[in-house]
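For the sequence shown, the residue numbers in our numbering are 113 to 330.
Here the structure comes first, spelled out in structure tokens, and everything after it is commentary.
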Amino acid sequence: MSLGCRGGISIELKKYIPVAAGMAGGSSDAAAVLFGMNRMYELGLSVEELMQRGVRIGADVPYCIMRGTALAEGIGEVLSPLPPLPPCTILVAKPGIGVSTRFVFENLKADELERHPDIDGMMEALKKQDLKGLAGLMEAGNVLETVTVPAYPVIQRIKDAMLRAGALGALMSGSGPTVFGIFDSRQAAKRAYGVLKRGHLAKQIFLTTPYNNRSFGG
Numbered sequence: 113m114s115l116g117c118r119g120g121i122s123i124e125l126k127k128y129i130p131v132a133a134g135m136a137g138g139s140s141d142a143a144a145v146l147f148g149m150n151r152m153y154e155l156g157l158s159v160e161e162l163m164q165r166g167v168r169i170g171a172d173v174p175y176c177i178m179r180g181t182a183l184a185e186g187i188g189e190v191l192s193p194l195p196p197l198p199p200c201t202i203l204v205a206k207p208g209i210g211v212s213t214r215f216v217f218e219n220l221k222a223d224e225l226e227r228h229p230d231i232d233g234m235m236e237a238l239k240k241q242d243l244k245g246l247a248g249l250m251e252a253g254n255v256l257e258t259v260t261v262p263a264y265p266v267i268q269r270i271k272d273a274m275l276r277a278g279a280l281g282a283l284m285s286g287s288g289p290t291v292f293g294i295f296d297s298r299q300a301a302k303r304a305y306g307v308l309k310r311g312h313l314a315k316q317i318f319l320t321t322p323y324n325n326r327s328f329g330g
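Here you go:
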């Protein structure tokens, strides 16, 4: 990938996103390096140009460059911006296991899937800023669960715990094993945090809110 510069850089990486978690941690690292190189070497590349180079590294890198809420098509590199998530609290929980993305895709039987995500319904809910409507469509939102959940039942236990604690919806992130739950009450999310912690269902648990800022790196 020629960026028209010579020399090299030394990078010290301090990771906060769990490894092998289905959260595009490696792709976000790659996106950060592209942003940094663009600034350090004053290359003047636009976000679109960075995205074109990023897809050569990995399918999730263009999204990590663009950020915000988006519809991803193709292998994930064809991105269309969508309205941001309505205000909410998101609980993220990763059990103490790692999942191989290759294993998941090699065992996915796409022609046997009985349920598919309602993408149009989700986009309409985003346009209406209907958080409950969006969360209600999450159950069939990740077909990779058909592989990962049977292999690692703790994922379903985490989802069930979040829903019992008041989550509007809960879903596995990417190829897993991380689960995220959407809450319209921060207090309910904190209660779910406590349930997961006391039950030793997850090794890493985070409370966060949606990230909707598209200005970074522009």
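Glycine included, each C-beta is placed from N, C-alpha and C at the ideal position.
- Comparing C-alpha distances from Ser285 to each of Met250, His312, Arg118, Gly166 shows the shortest one belongs to Met250.
- In the three-state reduction of the DSSP assignment, Pro193 falls in the strand class, which pools E and B.
- In this structure, the CA atom of Leu203 is about 17 Å from the CA atom of Asn254.
- Three or more Cβ pairs closer than 8 Å define a contact, and the stretch 269-277 meets that threshold against the stretch 300-313.
- Annotated three-state conformation of Ala205 is strand, per DSSP.
- Residues Ala282, Leu283, Met284, Val291, Gly293 of the same chain have their beta carbon placed closer than 8 Å to that of Lys271, with the five preceding and five following residues left out of the count.
- Rounded to the nearest whole angstrom, the CA to CA distance from Gly137 to Lys240 is 30 Å.
- Here Thr320 is bridged, per DSSP, to Ile202.
- In the same chain as Tyr323, and ignoring 5 residues on each side of it, the C-beta atoms closer than 8 Å to its own belong to Arg179, Gly180, in chain order.
- Secondary structure of Gly293 (DSSP, three-state): strand.
- For Ala282, no alpha helix (DSSP H) run applies; the uninterrupted beta strand (DSSP E) run containing it begins and ends at 281-284, by DSSP.
- For the 7 Å CB-CB criterion, Pro174 and Glu189 form a contact.
- Close CB contacts of Glu257 within its chain, under the 6 Å cut and outside five residues either way in sequence, are with Met284 (chain order).
- Taking C-beta separations shorter than 7 Å and ignoring five residues to either side along the sequence, the partners of Asp296 in its chain run Cys200, Leu243, Leu280, following chain order.
- Looking at Asp172, Ile177, Ser140, the one whose alpha-carbon comes closest to that of Ser158 is Ile177.
- Straight-line measurement puts the Cα of Gly119 at about 44 Å from the Cα of Pro198.
- Pro195 and Leu238 do touch by the CB rule: their CB atoms are close to 5 Å apart, below 8 Å.
- Relative to Val266, the option among Glu154, His312, Gly170 whose CA is nearest is His312.
- Look at Ala182 here: in three-state DSSP terms it is strand.
- Going by C-alpha positions, Ile187 is about 25 Å away from Tyr264.
- Cβ atoms of Val211 and Gly134 come within 8 Å of each other, at about 6 Å.
- Sixteen is the threshold: since fewer than 16 other Cβ atoms of the shown chains lie within 10 Å of the Cβ of Asp232, the residue is exposed.
- Secondary structure note for Asp141: its alpha helix (DSSP H) is the uninterrupted segment 137-152.
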